[in-house]
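Structure, as C-alpha cells:
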Amino acid sequence: MSSPAALKYTASANRIPTLRRAATDRRLRPMSLDEIRIYYHAGLTAYVAAWNAYIKNLVHDFYDVIADPSDPKFRAIYTIARKRAENALKRFNTPNSENTRDILVWYTGYDPINTLLWIQREKLDDIVEVRHSFAHGFDMPSNTWTQSLGKRGHLTNKAIQETEDFFKNLVEVIDKGMKAYIESTYGLTNIW
Numbered sequence: 001m002s003s004p005a006a007l008k009y010t011a012s013a014n015r016i017p018t019l020r021r022a023a024t025d026r027r028l029r030p031m032s033l034d035e036i037r038i039y040y041h042a043g044l045t046a047y048v049a050a051w052n053a054y055i056k057n058l059v060h061d062f063y064d065v066i067a068d069p070s071d072p073k074f075r076a077i078y079t080i081a082r083k084r085a086e087n088a089l090k091r092f093n094t095p096n097s098e099n100t101r102d103i104l105v106w107y108t109g110y111d112p113i114n115t116l117l118w119i120q121r122e123k124l125d126d127i128v129e130v131r132h133s134f135a136h137g138f139d140m141p142s143n144t145w146t147q148s149l150g151k152r153g154h155l156t157n158k159a160i161q162e163t164e165d166f167f168k169n170l171v172e173v174i175d176k177g178m179k180a181y182i183e184s185t186y187g188l189t190n191i192w
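Once you know that position 176 of the sequence shown is 176 in the numbering used here, the rest is easy, because the numbers rise by one and skip nothing.
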C-alpha cells in the first residue's frame with residue numbers, strides 16, 4: 001500500500017496528462033509551436049509541483065505515523081522536531097535531489113541516497129533546472145531530453161511522458177524506502 005502522500009501525488013499527477021494531450025489534440029489546430037510549448041511547460045511545472053508537495057506530505061506522514069502520545073518524553077522531542085520540520089518545509093521550494101535529500105535526512109532521518117540511483121538524482125536535477133529556467137525567463141538548458149534538431153532546448157510530448165513516468169517511479173521508490181526506514185527504525189508495521 002502507498003503512503004497518504006503518494007496517494008495525493010497520484011491524484012494530482014493523474015490530472016496532468018490532460019495538458020500533454022491538449023498539446024497534440026488535432027481538434028485544437030491550428031496551434032502555434034509557442035502555444036504547444038505552453039502546454040508542455042505547464043505539464044512539467046505541474047509534475048515538479050506535485051513532487052514538491054509529495055515530499056512535504058511525506059514528511060507530515062512520517063510525523064503522523066511515529067507520534068506516540070503515551071510517552072511524554074518522546075512527545076516533547078517529537079513536538080520540537082515536528083515544529084522545526086514545519087518551518088523548513090515552508091522554505092522548501094526547489095525540490096532537486098540535494099534539497100530533497102536534505103529535507104528527508106534532517107527532518108525524518110531517512111536518507112534516500114541508497115534508494116536513488118545516480119541517474120535518477122541527475123534526471124531530477126535536470127527536470128527542476130528546466131522548470132526553473134522557464135519559470136524565471138531563462139533559456140532552457142539543452143539536455144538530451146530537451147533538445148530539438150537545432151540543438152535549442154525545448155520540451156516535447158515524449159519529454160513530458162518520460163517526466164510523468166520518471167516521477168511515478170521516483171514516488172514509488174521513495175515511498176518504499178521511507179516505509180522500510182520507519183519499520184526498521186521505529187519498529188512499526190502496517191504503517192500504510
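Even glycine gets a Cβ: it sits at the ideal position worked out from N, Cα and C.
- A straight-line Cα-Cα distance of about 23 Å links residue 6 and residue 41.
- Taking C-beta atoms under 8 Å as the contact rule, residue 13 and residue 39 fail to qualify, at a distance of about 16 Å.
- The criterion of a C-beta distance shorter than 9 Å is not satisfied by residue 112 and residue 57.
- Under the criterion of beta carbons closer than 8 Å, residue 54 and residue 107 do not qualify as touching, at roughly 15 Å.
- Per DSSP, the unbroken alpha helix (DSSP H) holding residue 89 starts and ends at 72-90.
- The Cβ-Cβ distance between residue 183 and residue 191 falls below 9 Å.
- At least 9 Å separates the beta-carbon of residue 188 from that of residue 59.
- In the DSSP annotation of this structure, residue 25 is not part of any alpha helix (DSSP H), being labelled neither H nor E.
- Beyond the five residues adjoining it in sequence on each side, residue 50 comes within less than 6 Å, by CB distance, of 9, 12, 13 in the same chain, given in chain order.
- Per the Cβ contact rule, the stretch 86-100 is in contact with the stretch 123-135 (3 or more Cβ pairs under 8 Å).
- In this structure residue 20 is buried. Its beta-carbon is surrounded by 16 or more other beta-carbon atoms within 10 angstroms.
- The straight-line gap separating the alpha-carbon atoms of residue 61 and residue 140 is approximately 35 Å.
- When secondary structure is reduced to three states using DSSP, residue 62 falls in the helix class.
- Shown here, residue 31 sits in coil according to DSSP, grouped into three states, outside any helix or strand.
- Annotation for residue 104: the continuous alpha helix (DSSP H) segment containing it runs 97-108.
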